[in-house]
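Report on the structure given below.
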Amino acid sequence: MIRVSRVTAAAAAALALAMASPVAAQAAPEPEPGRLSAPVSPGLPAGWRTTGSGASQELVWRAPEKVPVGDAQVEFRSGERLLGIPRPAADGRTFRLPLDGVRLGRPDDLRVEAAGRPLDAAGVKAAVRERRGLDGSSGPSRLPRAATVNQVDPGVAGPFRTTSGEYSLPSAHLPGYATEVEMKAVVVAPEGAKGSRPLALFLHGRHATCFEGSDATLEWPCPAGHEPIPSYRGYLHDQQLLASQGYVTVSVSANSVNAQDWQADDAGAQARSSLIRLHLAHWANWAADPSTAPEVVRQAPRADLGRVLLVGHSRGGEGADRAALDSLTPPPADQDGYDGPTRWTIRGTVLIGPTVFSQNPAPDVPSVSILPGCDGDVIDLQGEYYVDGTRGVSRGKALHSAVYMTGANHNYFNSEWTPGQATAPAEDDFSYGGDAHDPLCSPDTATRLTAEQQQKAGSTYIASAARLFVAGDDRVRPLLDGSPARAASAGPARVLTHAVGAARSGAFLPASSATVSGGRLCAQVDPDPDVSCLDPALRTASPHFAQWRTVTPGKEPDRYALAMNWSHSGTATELSPARPVSLSGARSLSLRVIVPPNTTGTELDVALTDASGKRADLGRVGVDGLPGTSRTSSYWAREVRVPLASAIREGIDLGHVSTLRRIPRTESGTAWLVDAYGWRPGTPAVEAAKPARVDVGHLTVKEGDSGTRTYQVPVRVSGSGSGEVRLFVDEAGSDFPVARTVKVRAGTHVDIPVTVEGNTRYGTDAVHRVAVKAVRGTVVGSFLGGVTAQNDDPQPTVTVSPVADQVTEGQPLVWRITLSTVADDAFWTDVQLLPVSDGAELSTKDVPATWLDETFGASPEPERPLSALPDGALLMSEVPAGSLSVDVSVPTVADQLSEGTESLRLRLWTYDPEGAPVEGPEFTGTVGDAS
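Each residue of the sequence shown is one higher than the one before, counting from 287 in our numbering.
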């Protein structure tokens, strides 16, 4: 068992609101007699410990080696329940979570994860066992077939030579960040380009910030002797391609945000949005008056701020999406680091391996999300939600594309995160999941892309988005919208796409309001295997079924797919929405269908029935699964299309289609329908809607001494119009938030009451958390907030008294630790064994060996005084919530030796509300011979 001396522990740092299930104040049970103590961390797995007491108590995990700094959040969990997001220490191994308001649960359920990837020893071992059971001996299937080469190749360099340089501006203050954020960037621009040129802004993701030799750290400013890691220079290959095609490009540094975003509920999304918009504001100023610009900007063509593309990698992707949202609907001033007007138009975003912790994407700004098939950091490929999460929220005219790149990892899109190219230490992120050989993604496999191949493919698809969203060249749309087309410049990379929005119309969406026959409406995220689409153990196997991990992990309402499972050909599945769907003007029916990885040859016949009952058979589609292993997220939907020509010939009413029918023509199989739309070519202009914007805030109150008080969670509804959002409200004793859908209107109140019960018992703060997600006609900025009821009662005083402090061998020494009054939460104390100054001291052979091992992780040999045991020789004890006392015991053994009287000298230690140790009284115990 891991032991730790809390006598010498430093006071805990003040942290932001812990993302944890709230604990309501409960009536205290009747005090009970003193009870035998247990170690402070009974049954905790290796590497875990607790420190501090009361409001300063922390749960601490120390990894056996450094945890690479990545973009997925490190999470402490109890089973499926999120305990919180811990604070990383500078050593890269230690993570601390305040337990104020946290319901810990069973100690043996403790886990550490990042986007579903286990980090703790027990979780890693379990994952290895699971892989052995899931990965067959045949290995992954062949790569997807190469598609037809598109007529226009955006990956070809343009006619312009390029020039580059850097600028550095005064640092900026961002709300909630103690250290100012650097305003530093590298510019690559075309030489000799006439007129104003479109602007592409890049933002890197979360990575280590400083290095010295082979050591990297997450601190800012850098410690003495360390150099900054220039992550912002990692996209020069992308910038040079765009600049050759006439774009002014700038890549900005965010090291300060990276070092501080652990404390933000949104993992830094708002800070990154502010940083992007601060840079854009400078570019708007420089476009208006070039004489005020840095030299590198003056040498470049004037930037056209009406044509801006944002490119963000990982957490930088979520920051770019938030910046697009904030540019259309400004955030609350007290949360934003930019307070000026929006003087730019963001035409689209490219999000590379992005996080989406908020699960509230910007619906009215076109986007491309690149999903790396061998991502070892954001392994659940949650960026798919930038596609799926926009459906039905707004008008649906913005194209949202997912680009699945087989063989690509997370880091190599940034050359400063790539071994052999980076200035600082770098590594292949796929190795984060372990060193075991993977037949698809290990570097020595034929299916894995080299760094250069991956970077070339990434540049090509970034340029594709620029060409479509900014230049308006619809000839590149087939590279992004699910059409079977590829860019020759992407080289050997096998890239698949699907999309929603643009010229699509109508929608067959699996929903609780729909009627299903022959199949099953399955829950995308649910712990019940009879309800969920996939076995809940496959938590990271499908990007479509990625959990909202920071809010409601393991279960979320109103996210569905249509499951088909057949054992013979011809078993039809029908989906009938609550209202008929209009496919008027569509050329084809486009379906997004998932089949299991490594399967081939699934064939489905597709038919439609109109409101009058008339049916038309459209034709047959074939779907192959992606190559995959247990370490990849490969249950991903392929987009397939079937022409509507036969429906037109049959004369069915495409304006009122009531039922979508799918009939499998293979003998057996499994498939899931994600959605289906009417499709026609083209990329219509996007006119942003004017939605209501919802931002939820935090309120901190005193609990009071008696009675109950009701408070309102602060919610700001701005913008214009009205719509619906879904609230997720934590309730005491529930593992999952309670969800409800409410209507909101700009400028009006949202009723989210929280009841706080006052008492005079000492305890931790009670955290009542609320999250919000857009449903229809709304956008959401700050998605997480709530009410914190602060404890305002004094800490009990602690005394120690003997129960049995003079005993004979074979009997236990017992002392009672007593509180002056009961507390609402467990109260921790330490009893330190001190060297005996006079006479013989009890040794490691005078106590049971099992107790010695369980309590101190020690053995009797070599014999030594108990006070000489490691880690301060502490007996750690807990007075349970609602109890007045606990008994601390030292058992002894009868050894039949004549040794005379032996003794113990002990001291009580307690901890003040800030975690500082408080020295208590000294006391003794003696043990005489049994004979």
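No residue lacks a Cβ here, since even glycine has one placed at the ideal position from N, Cα and C.
(message) Considering only DSSP beta bridges, list what Val987 is partnered with.
(response) On the sequence shown, residue 987 is found 701 positions in, with the first residue counted as 1. Val987 pairs with Ala1075.
(request) Tell me, please, whether the segment 1058-1067 touches the segment 643-650 by the rule of three or more beta-carbon pairs shorter than 8 angstroms. (result) yes
(request) Can you grab the Cα-Cα spacing for the pair Glu351 / Leu564, in whole Å? (result) Against the sequence shown, residue 351 aligns to sequence position 65. Against the sequence shown, residue 564 aligns to sequence position 278. Between Glu351 and Leu564, the C-alpha separation is close to 38 angstroms.
(message) At 3 residues or longer, what runs of the beta strand (DSSP E) sit wholly inside the segment 993-1025?
(response) 994-998, 1001-1005 and 1008-1015
(request) Quick one: give me the first and last residue of the alpha helix (DSSP H) that Glu936 is part of. (result) Position 650 of the sequence shown, counted from the first residue, corresponds to residue 936. Glu936 -> alpha helix (DSSP H) spans Ala931 to Glu936.
(message) Along the chain, where does the beta strand (DSSP E) containing Phe1113 start, and where does it finish?
(response) On the sequence shown, position 827 is the one that residue 1113 refers to. Its beta strand (DSSP E) spans residues Phe1113 to Leu1120.
(message) Taking the straight line between their C-alpha atoms, what separation do you get for Gly451 and Val594?
(response) Looking up residue 451 in the sequence shown gives position 165. Looking up residue 594 in the sequence shown gives position 308. Near 20 angstroms, if we compare the C-alpha coordinates of Val594 and Gly451.
(request) For Ala1144, I'd like the list of residues in its chain whose CB is within less than 8 angstroms of its CB, leaving aside the five on either flank, ordered along the chain. (result) Taking the sequence shown and counting its residues from 1, the one referred to as residue 1144 is at position 858. Result list for Ala1144: Thr1130, Leu1138, Leu1155 and Pro1156, in chain order.
(message) Using a Cβ-Cβ cutoff of less than 8 angstroms, which residues in the same chain neighbour Leu591 once the five nearest sequence positions on both sides are dropped?
(response) On the sequence shown, residue 591 is found 305 positions in, with the first residue counted as 1. Only Leu485, Leu566, Trp569, Ala570, Ala573, Arg629, Trp630 and Thr631 meet the Cβ criterion.
(request) Could you tell me which residues DSSP puts in a beta bridge with Leu596? (result) As a working note, residue 596 is residue 310 in the sequence shown. According to DSSP, which records beta bridges pairwise, Leu596 is partnered with Leu487 and Thr635.
(request) Go ahead and label Arg906 buried or exposed: buried means 16 or more other beta carbons lie within 10 angstroms of its beta carbon, across all protein chains shown. (result) Here residue 906 corresponds to residue number 620 of the sequence shown, with the count starting at 1. Exposed, since its Cβ has fewer than 16 Cβ neighbours within 10 Å.
(message) Just to check my reading of the structure: Arg1047 and Ala1109 have Cβ atoms closer than 8 angstroms, yes? What is that Cβ distance to the nearest angstrom?
(response) Walking along the sequence shown from the start, residue 1047 turns up at place 761. Walking along the sequence shown from the start, residue 1109 turns up at place 823. About 6 angstroms; that satisfies the 8 angstroms criterion.
(message) Checking 8 angstroms against the spacing of the C-beta atoms, do Ala948 and Ala858 come in under that value?
(response) Indexing the sequence shown from 1 puts residue 948 at position 662. Indexing the sequence shown from 1 puts residue 858 at position 572. Looking at the sequence provided, one finds Arg at residue 948 rather than Ala. Yes.
(request) Can you tell me which of the three DSSP states Leu504 falls into? (result) Walking along the sequence shown from the start, residue 504 turns up at place 218. Leu504: coil per DSSP, three-state reduction.
(request) May I ask which residues mark the beginning and end of the beta strand (DSSP E) holding Asp981? (result) Locating residue 981 in the sequence shown gives position 695, counting from the first residue. Here the beta strand (DSSP E) through Asp981 covers Ala978 to Val982.
(request) Mind listing, in chain order, the continuous beta strand (DSSP E) runs of no fewer than 3 residues lying wholly within the segment 893-924? (result) 901-909
(message) So, at 8 angstroms on beta carbons, what are the nonlocal neighbours of Asp620 in its own chain, with the 5 sequence-adjacent residues on each side left out?
(response) One-based indexing of the sequence shown puts residue 620 at position 334. The answer, listed in chain order, is Pro461.
(request) Return the CA-CA distance between Glu989 and Val781, expressed in angstroms with no decimal places. (result) As a position in the sequence shown, residue 989 is number 703, starting the count at 1. As a position in the sequence shown, residue 781 is number 495, starting the count at 1. Going from the Cα of Glu989 to the Cα of Val781 covers about 56 angstroms.
(request) Mark Ser323 as exposed unless 16 or more other C-beta atoms lie within 10 angstroms of its C-beta, in which case mark it buried. (result) Position 37 of the sequence shown holds residue 323. Annotation note: pLDDT 36 at Ser323 (below 50); position unreliable, no value reported.
(message) Assuming Ala849 is part of the beta strand (DSSP E), what are its boundary residues?
(response) Position 563 of the sequence shown holds residue 849. Per DSSP, Ala849 belongs to the beta strand (DSSP E) from Tyr846 to Trp852.
(request) List the endpoints of the continuous alpha helix (DSSP H) containing Lys284. (result) The structure shown does not extend to residue 284, since the chain is modelled only from 287 to 1217, so the question has no answer here.
(message) Quick check: the Cα distance between Gly499 and Glu505, rounded to an integer number of angstroms?
(response) Position 213 of the sequence shown holds residue 499. Position 219 of the sequence shown holds residue 505. Each residue's alpha carbon lies about 16 angstroms from the other.
(request) Return the CA-CA distance between Tyr997 and Val1024, expressed in angstroms with no decimal places. (result) Counting from one through the sequence shown, the residue named residue 997 turns up at place 711. Counting from one through the sequence shown, the residue named residue 1024 turns up at place 738. If I take the Cα positions, the gap works out to 18 angstroms.
(request) Report the residue from Ala1167, Ser916 and Val879 whose alpha carbon sits nearest the alpha carbon of His723. (result) As a first step, residue 723 is located in the sequence shown; it is residue number 437 there, counting from the start. For the residues Ala1167, Ser916 and Val879, the minimum Cα distance to His723 belongs to Ser916.
(request) Could I get the ranges of all uninterrupted beta strand (DSSP E) runs contained in the segment 554-604, with 3 residues as the minimum, in chain order? (result) 589-599
(request) Look at the Cβ atom of Asp663, then the Cβ atom of Asp607, and state whether they are nearer than 8 angstroms. (result) Against the sequence shown, residue 663 aligns to sequence position 377. Against the sequence shown, residue 607 aligns to sequence position 321. No, the Cβ-Cβ distance between Asp663 and Asp607 is not below 8 angstroms.
(request) Grab me the residues of Arg753's own chain with a C-beta within less than 7 angstroms of its C-beta, minus the 5 sequence neighbours each way, in chain order. (result) Taking the sequence shown and counting its residues from 1, the one referred to as residue 753 is at position 467. Within the same chain, Arg753 has close Cβ partners Pro440, Asp759 and Val762.
(message) Taking 8 angstroms as the threshold (C-beta atoms), are Ala923 and Val960 in contact?
(response) If you number the sequence shown from 1, residue 960 lands on position 674. If you number the sequence shown from 1, residue 923 lands on position 637. Yes; because the gap between Cβ atoms is below 8 angstroms, this pair is in contact.
(message) Rounded to the nearest angstrom, what separates Thr888 and Ala788 at their Cα positions?
(response) The residue you call residue 888 lines up with position 602 of the sequence shown. The residue you call residue 788 lines up with position 502 of the sequence shown. For Thr888 and Ala788, the distance between alpha carbons rounds to 28 angstroms.
(message) Taking 8 angstroms as the threshold (C-beta atoms), are Ser775 and Gln741 in contact?
(response) For this step, residue 741 is matched to residue 455 along the sequence shown. For this step, residue 775 is matched to residue 489 along the sequence shown. No, they are not a contact pair.
(request) Going by CA-CA distance only, name the one from Pro863, Ser577 and Arg873 that's closest to Gly968. (result) Numbered from 1 along the sequence shown, position 682 holds the residue referred to as residue 968. Ranking the options by Cα distance to Gly968, first place goes to Arg873.
(request) Locate the alpha helix (DSSP H) running through Ser542, then write down its first and last residues. (result) On the sequence shown, position 256 is the one that residue 542 refers to. Residues Asn541 to Gln546.
(request) With distances taken Cα to Cα, identify the nearest neighbour of Thr1212 among Gln1092, Gln833 and Thr1083. (result) If you number the sequence shown from 1, residue 1212 lands on position 926. Of Gln1092, Gln833 and Thr1083, the residue nearest in Cα terms is Gln1092.
(request) Figure out for me which residue from Ala1135, Met1162 and Glu1147 has the closest Cα to the Cα of Ala1180. (result) Along the sequence shown, one-based indexing puts residue 1180 at 894. Cα-wise, what sits closest to Ala1180 is Ala1135.
(request) To the nearest angstrom, report how far apart Leu1070 and Arg790 are at their CA atoms. (result) Taking the first residue of the sequence shown as 1, we reach residue 1070 at position 784. Taking the first residue of the sequence shown as 1, we reach residue 790 at position 504. Distance between the alpha carbons of Leu1070 and Arg790: 32 angstroms.
(request) Take the Cβ of Gly1206 as the centre, count every other Cβ of all protein chains shown within 10 Å, and call the residue buried at 16 or more, exposed below. (result) Within the sequence shown, numbered from 1, the residue matching residue 1206 stands at position 920. Result: buried.
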